[in-house]
Amino acid sequence: MDNSARGQVAPLLLDWYRKQARRLPWRVAPGGGTADPYRVWLSEVMLQQTTTAAVAPYFARFTARWPTVQTLAAAPEADVMAEWAGLGYYSRARNLVAAARAVAELGGFPDTEEGLRALPGLGAYTAAAVAAIAFGRRAVVVDSNVERVVARLFAIEEPLPGARKAIRAAADAITPDEHAGDFAQGLMDLGATICTARDARCLLCPLQALCTGRAQGDPVRLPVKAAKKPRPARRGTAFWIERDDAVWLVTRPGKGMLGGMRALPDDGWSARGDGSGEGPVTGAWEPGGVVRHGFTHFDLELAVAVYAGSATPAGEGEWWPVERIAEAGLPTLFAKAAALALARD
DNA sequence: TACTCGTGGAG
DNA sequence: TCTCCAAGAGT
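According to the UniProt record's numbering, the stretch in the first sequence is residues 1 to 345, in order.
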């Protein structure tokens, strides 16, 4: 693509975005000025590797409960972790609290990409996105949508992740000085609705005349990706210990799998993966069923063992009323295990 | 660079 | 049923 063609990308995309922008709860209308940095930041963190459909109800609950960054900064971390339960990638929730407290201490959000990048949980993408969308800064915003659209637009043949440098340079070359926020959101909307991973609806694309990938005939093959490794299988056991209509729950260590989340005690499957560890009490156990759960890099088969004895569990934990188990903020894996244990009668 | 870190929906 | 993958970050 020559320089003249590069200059045509932003006007065409911005025009398309003004007409076709998705209506999303965290978004102001195109050209409607800059959005509330708190809502932009919160939504961007929630959207990391997460679909808009999954984020929407969480965004609604978070903004209703904590309408400003100051109120979020004042919240107990455990409350935020529990509210995040089910959304995944739980380090985001802990970083969210840390960033909110840093922002409250600063007296407001940094308004530059560099300042934002220094906050916990804001990487290259999120810092650029918030700078552009909330503060109107020119920033090169590259997420997986932009990677795909740019790789096709420029017909970048190098496979990911090696192609990231070239993709970023290409994205920089088409990013306008003004309206960088709308431009970024337009590119992401294009990737989410027209130029998708499995399809390229070129006849609906505002950039069709400029697209080298389309001119070559098979844009969907781009970007080229490295082959993935197979996911290994792990086995483990979770323990359901019930007494007087309450169940014994633990809080997992801050780092690692499901870090900082309330959970059923288990045999250490996340660390060892062989399910050979022991529970917090010895005695009689009854089988309570099996939960199958797929994580990003392994599949887990989690047996649920139901305690039939009356000994008191060892170690840290709390008795949680069974009828309020939904409020415990269990991550999905353990919510499944709890449902299985409760359904055994 | 390569690996860890969730979940649910689409095809 | 199974694979891919969705507004990535941290180490």
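The beta carbon of each residue, even a glycine, is placed where N, CA and C say it ideally should be.
* Hey, is the region 145-158 in contact with the region 52-63, meaning 3+ C-beta pairs nearer than 8 Å? -> By the Cβ test, the region 145-158 is not in contact with the region 52-63, since fewer than three Cβ pairs between them sit closer than 8 Å.
* Could you tell me which residues DSSP puts in a beta bridge with residue 238? => Looking at the DSSP assignment, residue 238 forms a beta bridge with 266 and 304.
* Taking all protein chains shown into account, decide if residue 49 is buried (16 or more other Cβ within 10 angstroms of its Cβ) or exposed. => For residue 49, the number of other beta carbons within 10 angstroms of its own is below 16, and it is reported as exposed.
* Give me whichever residues DSSP pairs with residue 225 in a beta bridge. => Bridge partners of residue 225 according to DSSP: 160.
* Asked: Can you name the residues that DSSP bridges to residue 294?
  -> Beta-bridge pairing links residue 294 to 299.
* **Where the alpha helix (DSSP H) through residue 250 begins and ends** => Looking at the DSSP string, residue 250 is not in any alpha helix (DSSP H); the run it does join, the beta strand (DSSP E), is 246-251.
* Asked: Can you tell me whether DSSP reads residue 243 as helix, strand or coil?
  -> Residue 243: strand per DSSP, three-state reduction.
* Going along the chain, which residues of its own chain have a beta-carbon closer than 7 Å to the beta-carbon of residue 297, five neighbours each way excluded? -> Answer for residue 297: 231, listed in chain order.
* Count the CB pairs spanning the region 39-54 and the region 205-225 that are closer than 8 Å, and state whether there are at least three. => No contact exists between the region 39-54 and the region 205-225.
* Asked: alpha helix (DSSP H) containing residue 278: first to last residue?
  -> DSSP places residue 278 outside any alpha helix (DSSP H), giving it a letter other than H or E.
* Asked: Going by other Cβ atoms of all chains shown within 10 Å of its Cβ, with 16 needed for buried, is residue 4 buried or exposed?
  -> So residue 4 counts as exposed.
* Using alpha carbons as the reference points, say which of 91, 227, 203 and 97 lies closest to residue 76. => Checked all of 91, 227, 203 and 97; the closest Cα to residue 76 is 97.
* Could you check where the beta strand (DSSP E) with residue 321 kicks off and where it finishes? -> Going by DSSP, residue 321 is part of the beta strand (DSSP E) stretching over 318-321.
* Since residue 109 is in the alpha helix (DSSP H), which residue starts that stretch and which ends it? -> Run containing residue 109: none; DSSP gives neither H nor E here.
* Indicate whether the contact test is met: 3 or more Cβ pairs, each with one atom in the region 188-203 and one in the region 139-151, closer than 8 Å. => Three or more pairs of CB atoms, one per stretch, sit closer than 8 Å, so the region 188-203 contacts the region 139-151.
* Asked: According to DSSP, which residues form a beta bridge with residue 286?
  -> Paired residue(s): 306.
* Anyone know if the C-beta pair for residue 329 and residue 54 falls short of 8 Å? -> No, these two residues do not count as a Cβ contact at 8 Å.
* Of the choices 65, 197, 174 and 249, whose alpha-carbon is the least far from that of residue 315? -> Per the C-alpha coordinates, the member of 65, 197, 174 and 249 positioned closest to residue 315 is 249.
* To do: Note down, in chain order, each residue of its chain lying with its Cβ closer than 8 Å to the Cβ of residue 246, except the 5 sequence neighbours on either side.
  => Once the five neighbours on either side are set aside, the close Cβ partners of residue 246 are 319, 320, 321 and 322.
* Assess, as a yes-or-no matter, whether the region 281-295 is touched by the region 334-344 under the definition of 3 or more beta carbon pairs within less than 8 Å. => Three or more beta-carbon pairs drawn from the region 334-344 and the region 281-295 are found closer than 8 Å, and the two stretches are therefore classed as touching.
* In DSSP terms, what residue 233 is bridged to -> Looking at the DSSP assignment, residue 233 forms a beta bridge with 299.
* Asked: So, helix, strand or coil for residue 22, using DSSP?
  -> The three-state secondary structure of residue 22, taken from DSSP, is coil.
* **Backbone CA spacing between residue 132 and residue 111 [nearest angstrom]** => Computed Cα separation, rounded: 9 Å.
* Report back the beta-carbon spacing between residue 92 and residue 121 to the nearest angstrom; my notes put them in contact at under 8 Å. => With a contact defined as Cβ atoms closer than 8 Å, residue 92 and residue 121 qualify at about 6 Å.
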